[in-house]
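Numbering (full-length UniProt numbering), first residue to last: 1 to 316.
Ideal placement from N, C-alpha and C gives every residue a C-beta, glycine not left out.
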């Protein structure tokens, strides 16, 4: 009990410190909140909300089963996942954070997949979207079109490569190439009857959570910058708070492309602490562990950065 109280006390002291800092820096709080809100409204909302809604509708109407039948064989062979799990892989790679986590969590809640399979899926299918990689990382930040293909290959290919060692934690025991979960969850599939309005409200709730975390971390980043980031270590540490602002910080601090590129690839692969917080909000109550996800994500980011270093060595 004393230990728990001690942790709560430390957290309380930390919050008081943040509160006082916010009172002393109202302009920075406003700027950070404004930047986070604009990023959410102009980029995340139009990009993510339609996919949140359609995936919720697919689950509510049973459309996911039709997609699963098509994807079950190839994805079952490549990733050793069930038919329903293959849908989480597709959405996680194409739609961006935190869609992979959201769909994986929903499949567990609907008893479509086991927690073991969900743990495996979360280890590699919750990634940065190709649209973000192309538009923000390559074209806007790096401004080098020749880096488009290698960036996409590294950032989307590394999670695929890492899925093979991560597969060891996949304990469902399903036979190779099968598209069904051996626990019989597909037969006992429990689907809540939801109207379009219910799906829409669930999607709004999810997108608001994502936006809330984005605003919080944008404010924290703005406040942290006021304390001074005079050295490289501070820059690298602060850049991990939120991926969008972090990418801009790294690009500004390291103008040499051979140095900046591996760092940018690693950060984009990791997704930043903000995306981890968003993921936690998606998987809460499912049995999935954020600690496992963080370890797997850091390993993937290191591998992606390593591939970027090799590319930079022979091309820059």
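- Here DSSP, grouped into helix, strand and coil, assigns residue 124 to coil.
- With fewer than 16 neighbouring CB atoms inside 10 Å of its own CB, residue 315 falls in the exposed class.
- Of the other Cβ atoms in all chains shown, 16 or more fall within 10 Å of the Cβ of residue 98; this residue is therefore buried.
- When the Cα atoms are used, residue 200 and residue 267 turn out to be separated by approximately 32 Å.
- Here DSSP, grouped into helix, strand and coil, assigns residue 81 to coil.
- Residue 251 is positioned such that its CB atom lies closer than 8 Å to that of residue 141.
- Here residue 261 is actually not in contact with residue 279; their C-beta atoms are around 26 Å apart, not less than 8 Å.
- Each residue's CA atom was taken as its position, placing residue 275 and residue 95 some 14 Å apart.
- Residue 51 and residue 103 have their C-alpha atoms roughly 11 Å apart.
- Residue 250 carries a helical assignment under DSSP once its states are collapsed to helix, strand and coil.
- Around the beta carbon of residue 297, 16 or more other beta carbons lie within 10 angstroms, which makes this residue buried.
- DSSP places residue 292 in the helix class (H, G or I) of the three-state scheme.
- For residue 219, the number of other beta carbons within 10 angstroms of its own is at least 16, and it is reported as buried.
- By the Cβ neighbour-count rule, residue 245 is buried, with 16 or more other Cβ atoms within 10 Å of its own.
- Using a Cβ distance threshold of 8 Å, residue 259 and residue 249 do not count as a contacting pair.
- Put simply, of 109, 115, 111 and 130 the residue whose alpha carbon is nearest the alpha carbon of residue 92 is 130.
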